[in-house]
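Here is the structure we will look at.
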Amino acid sequence: MRRAVLRYTGAALLAAWVLFPMYLLTIGAFSVQSAIYHYPRDILPSLSWGTMRFFLDSQGVPTALGRSVIVAAITAAASAALGIPAGYALARYRFRGRDAYRVTIVSTRAFPVVVLSIPLAVFALQWGSYDTVWAVAFMHTALTLPFVVLISSSVLTAVPADLEEAAQVFGCSRPAAFARVTLPLAIPGLAAAGGFALLMSYNEVFAASVLTLERPTLPAFVLNALTSSPEPYKYAAAWLLMVPTFVFIFFIRRYILGVGRAR
Amino acid sequence: MADIVIRAVRKTFDRGRVTAVDSVDLTVADGELFVLLGPSGCGKTTLLRMIAGLEAADRGTIMIGDREVTTLPPRKRDLAMVFQNYAVFPHLTVEQNIAFGLRMKGDAGATEIKEKVRQAAELVDLGGLLGRRPAQLSGGQQQRVAVARALAVSPAVLLMDEPLSNLDALLRLKFRSDLKRIVHELGTTVIYVTHDQVEALSLADRMAVMREGRIVQAGPPLEVYDHPASTFVGGFLGSPPMNFLPVAIDGAVSPGPRSPDAACPDDGPRAMVGPRGDSFPAPEAMRGWCGRELLAGIRGENMDVLSERAPGAVAGKVLVVEPLGAQTLVTVASEDTEVKVLTAPGYTAPPGRDVWLRPAPDKVRWYDPDSGAELTSP
Amino acid sequence: MASVSAPASQRRPVTPSARPRARHRGWTPYLLLAPSVAFLAVFFIAPLVQGIELAFTSTSGQYGLATFHSMLNDPGFLSALTDTLIMLAIVLPVQLVLAMAMALLVSSRPKGSGFWLYVYMLPLGVSELTSGIVWYSVFTQQGWLNSILTSLGVIHAPVIWLSYSNSLLIIATIVVAEAWRSTSIIVIILVGGLDAIPREYLEAADVFYASPWRKFWHVTLPLLRPALRTALILRTVLAFEVFATVIALAGGSLSVLATKANNAYTQFQEPHLAAAYGVLIMALSVLATAIFLAGLPVREERLP
């Protein structure tokens with residue numbers, strides 16, 4: 319009994335550590351502007367939409383937001399299209415080079431985005447694709463691909479190969495067996511893999527800031543405006559970057575653990 | 039060494055929706071090898087885990103020796119356990135595994151631990167493997183490590199959760215006898231959970247059969263085997279399971295109740311099978327059930343298969359004959375009932391052959407067809 | 029009901045679904061891998077090679093170490109390097125302890141563990157820019173921390189946490205922001221690792237006299253080693269890349285290697301210098317990875 323109380327207290331304290339700053343940001347983004355500049359600030363201020371409306375009406379914000387969504391969507395689609403077949407191969411086949419591929423894909427994370435995005439920006443300049451959503455989206459795909467491969471491999475491993483083999487015994491071709499048996503069972507997890515890519519892309523700052531100039535994604539836009547913008551504006555921006563992802567995480571929360579399970 | 043007393047223990051899962059163990063009372067004597075037997079889902083493992091402290095009882099008390107342990111964590115209950123999947127730590131060597139309990143207990147010095155590990159390992163024939171890791175061991179060797187780890191701590195109570203179920207048939211046979219010898223030598227109180235009735239019969243000093251969270255019968259194994267308290271126990275214990283023939287005591291098998299004062303014949307009550315009037319004698323104690331339809335429980339080895347009509351034998355047709363080596367299993371259709379009979383090894387008969395089955399009268403048990411409970415006298 | 033047989037993955041003897049599949053000799057797996065390999069070749073290997081090449085050429089196009097020379101001579105270089113390492117050295121253990129606490133709480137499956145896990149996961153959706161802004165709002169002079177401390181009467185005048193002159197204090201705020209934001213990824217990896225430990229091992233420890241602490245130390249931790257190592261490597265690599273948090277909290281008053289790289293490119297249009305910083309960060313990441321790989325060897329045969 320005492321242990322249970324201790325455990326809940328611990329869990330709640332840790333949750334408070336996560337949630338309280340989010341609460342502070344939220345009231346920062348939704349309190350009347352004068353409350354932000356009042357000192358000491360009140361942690362239960364009167365709320366208003368003013369700050370958020372001011373931010374959303376600012377020049378460049380709606381287009382940057384739209385661009386972020388497009389980039390994230392391309393990233394999710396591309397990394398799913400490239401990563402799921404690879405995840406399937408890892409989950410279902412033993413072949414020469416399997417471990418090498420695994421190690422390579424995992425170790426891509428050891429190469430920082432810093433070292434990749436700068437030459438990519440140089441490339442993009444040469445090819446005339448600098449400052450486009452494509453350059454950013456493909457850079458993000460390269461960053462998210464390993465995670466998509468790992469998650470989808472773990473999702474597909476969880477669908478017993480026996481089911482697929484049974485379908486083949488009963489007359490399905492291998493692709494048909496995949497489409498009719500494995501896919502329906504794996505689709506939520508595979509969607510989650512794409513969702514994870516979406517999430518990472520929506521949040522990514524460095525590559526987005528290096529690869530864009532006039533047409534930044536929202537994080538890059540906010541970063542550029544950081545020093546010159548008033549505080550409520552920053553809070554509204556940060557809030558808008560943060561909250562949509564919570565909905566996403568809610569839907570993919572079960573599958574995110576696949577990142578940890580894949581060895 | 040200690041006895042175990044369990045009083046009115048209850049455990050539910052899923053917020054009370056599933057009752058795993060339903061007010062169980064059980065006493066296990068000091069030094070006894072006690073087997074809990076039942077089909078999967080009957081609550082035997084849950085009961086064991088409550089004794090171990092791995093599961094908290096909703097209600098009731100558990101005593102080990104003279105200590106009440108109901109709310110104590112496992113480590114304070116002075117017991118050891120052999121797990122179904124062995125749970126031999128993969129990151130430790132055999133020696134470290136066996137020493138684990140002693141180390142954690144922390145009341146023995148290094149040399150003492152070493153000595154106890156050596157003894158435990160020797161007891162289960164692991165002497166040469168102390169330096170290996172579990173990954174280098176076969177399933178049978180891992181199982182012995184699990185047993186040695188449990189024995190090394192000289193526990194007051196040893197709990198075993200289907201320890202042989204992951205071994206192949208041959209090893210199972212060998213370990214069963216080894217295990218029985220070892221625990222009897224040590225005199226430890228053992229509670230052993232299994233769904234394998236042969237294991238239960240061969241190992242137990244006493245056993246309990248569980249069903250749907252309750253103990254339905256407890257006693258020495260042969261007593262339980264000979265006198266199943268219900269059709270469930272008779273059907274679960276024994277291979278083939280006990281046969282249950284619908285019979286009517288005394289006269290015609292006409293449906294519906296007969297007048298209770300219809301007298302049984304003077305030469306003693308008989309169990310009538312089917313409309314043709316085949317019957318076999320019933321004990322005098324059954325006279326009170328005259329006119330009632332009952333189930334006669336007869337074990338396959340307690341019937342003779344005759345090729346001709348005889349007194350006290352019941353007609354049937356052979357369905358299939360299965361030679362088992364030491365015996366032959368004959369399945370016979372008698373009226374609407376399939377009866378399994380064990381007979382001599384050389385027996386053959388084509389399917390469809392008419393045969394007569396003669397039960398040994400003193401081996402027949404009687405059951406209420408509605409409740410399934412054993413009947414003695416009314 | 030525990031007498032129902034355990035899932036195949038937890039069972040030691042080989043079960044049908046765990047049987048090793050025969051080595052495949054066809055082309056199918058390679059065809060399945062080909063798109064991702066091709067993509068990574070173009071968008072990963074090529075820029076990587078190009079990045080290294082950029083770093084080892086001077087602005088005039090000569091191969092050599094000239095760019096690295098100018099990087100080393102950059103007045104802010106040394107402090108950027110040391111601040112990065114100090115930040116990393118503090119944040120890593122802090123995060124590990126936090127994440128371990130969260131993961132153990134979640135995997136001990138109290139009621140509502142799904143909710144706790146969701147909460148602990150939430151910062152995954154927080155970009156480092158957002159994190160920087162959140163903690164800026166806390167630590168700025170008129171910010172939440174000073175507001176709350178003043179309201180409680182602990183202080184009478186606002187404390188300047190983000191002081192230009194006290195880089196250790198700024199590093200501390202970066203550590204707080206990083207611990208808040210990026211602990212989730214470790215939590216996820218550790219929860220995955222804890223889930224992979226068959227329950228019976230932990231129960232065996234319970235039965236065999238291990239206290240909760242000794243169970244953690246002697247059973248959980250050794251079996252968690254692969255997950256722990258993955259988490260450490262990933263976190264270290266990601267920590268070298270932190271830059272928006274630093275910009276949001278410190279403005280220009282403190283640099284880490286990643287902000288240096290970003291500035292070199294976006295402000296001074298010096299791709300060579302930026303690439304040199306990138307190569308340095310990469311070298312440090314690879315070094316850290318190698319240290320973790322060697323320091324925490326994982327032997328398959330010692331795992332469940």
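Chains as they are written, first to last, in this note's numbering: chain Z, 319 to 581; chain L, 39 to 416; chain V, 29 to 332. Ideal Cβ positions, reconstructed from N, Cα and C, are used throughout, including at glycine.
Residue 118 of chain L is bridged by DSSP to L:196. Taking a C-beta distance under 8 Å as the contact criterion, residue 526 of chain Z and residue 538 of chain Z qualify as a contact pair. Contact check for residue 383 of chain L against residue 338 of chain L fails: the beta carbons are separated by 8 Å or more.
Along the region 363 to 392 of chain Z, there is no position whose C-beta sits under 7 Å from a C-beta of chain V. DSSP places residue 573 of chain Z in the helix class (H, G or I) of the three-state scheme.
Residues of chain Z with a Cβ closer than 7 Å to the Cβ of residue 225 of chain V do not exist; the shortest Cβ-Cβ separation is about 12 Å. Annotation for residue 149 of chain V: the continuous alpha helix (DSSP H) segment containing it runs 141 to 149. Not flagged as an interface residue toward chain Z: residue 241 of chain V, since no C-beta distance is shorter than 8 Å.
Per DSSP, residue 245 of chain L is one residue of the beta strand (DSSP E) stretching across 244 to 249.
Here the region 542 to 558 of chain Z makes no contact with the region 198 to 216 of chain L; the two share fewer than three CB pairs at distances below 8 Å.
Residue 92 of chain V is outside the set of residues whose beta carbon lies under 8 Å from a beta carbon in chain Z.
C-alpha of residue 120 of chain L to C-alpha of residue 253 of chain V: approximately 26 Å in a straight line. Residue contact check for residue 251 of chain V against chain L: a CB pair falls below 8 Å.
DSSP places residue 538 of chain Z in the uninterrupted alpha helix (DSSP H) bounded by 536 to 543. Counting along the chain, no alpha helix (DSSP H) covers residue 365 of chain L, and no H or E run does either. Listed in chain order, the alpha helix (DSSP H) runs fully inside the region 116 to 181 of chain V are 141 to 149, 156 to 167 and 172 to 179, counting runs of at least 4 residues.
Contact check for residue 196 of chain L and residue 155 of chain L: beta-carbon distance about 17 Å, past the 8 Å limit, so the pair fails to qualify. Within the region 73 to 118 of chain V, complete alpha helix (DSSP H) segments of at least 4 residues are found at 74 to 83 and 94 to 101, given in chain order. Cβ-Cβ distances below 6 Å link residue 218 of chain L to 241 in the same chain, with the five nearest sequence neighbours on each side left out; the list follows chain order.
Following the DSSP letters along the chain, one finds residue 506 of chain Z inside the alpha helix (DSSP H) bounded by residues 501 to 521. Proximity of residue 78 of chain V to chain Z, defined by a Cβ-Cβ separation below 8 Å, is satisfied. Between residue 343 of chain L and residue 395 of chain L, the C-beta gap is smaller than 8 Å, which places the two residues in contact. Put simply, of L:191, L:403, L:239 and L:340 the residue whose alpha carbon is nearest the alpha carbon of residue 211 of chain L is L:239. The C-alpha of residue 276 of chain L lies about 49 Å from the C-alpha of residue 413 of chain Z. Interface criterion not met: the Cβ of residue 390 of chain L is under 8 Å from no Cβ in chain V. Take residue 234 of chain V, set aside five residues on each side of it, and the residues of its chain with a beta-carbon closer than 7 Å to its own are 243, in chain order. In the three-state scheme derived from DSSP, where H, G and I count as helix and E and B as strand, residue 408 of chain L is classed as coil. When DSSP reads this structure, residue 394 of chain L sits in a beta bridge with L:344 and L:353.
The Cβ of residue 278 of chain V sits no closer than 8 Å to any Cβ of chain Z.
In chain order, 251 place their CB closer than 6 Å to the CB of residue 225 of chain V, counting only its own chain and leaving out the 5 sequence neighbours on each side. Assigned with DSSP and collapsed to three states, residue 480 of chain Z falls in helix. Taking a C-beta distance under 8 Å as the contact criterion, residue 293 of chain V and residue 528 of chain Z qualify as a contact pair. With distances taken between CA atoms, residue 376 of chain Z lies nearest to Z:547 out of Z:570, Z:573, Z:574 and Z:547.
In terms of CA proximity to residue 163 of chain L, L:132 leads the group L:132, L:237, L:122 and L:44. Look at residue 205 of chain L here: in three-state DSSP terms it is coil, with no helix or strand label. The three-state secondary structure of residue 378 of chain Z, taken from DSSP, is coil.
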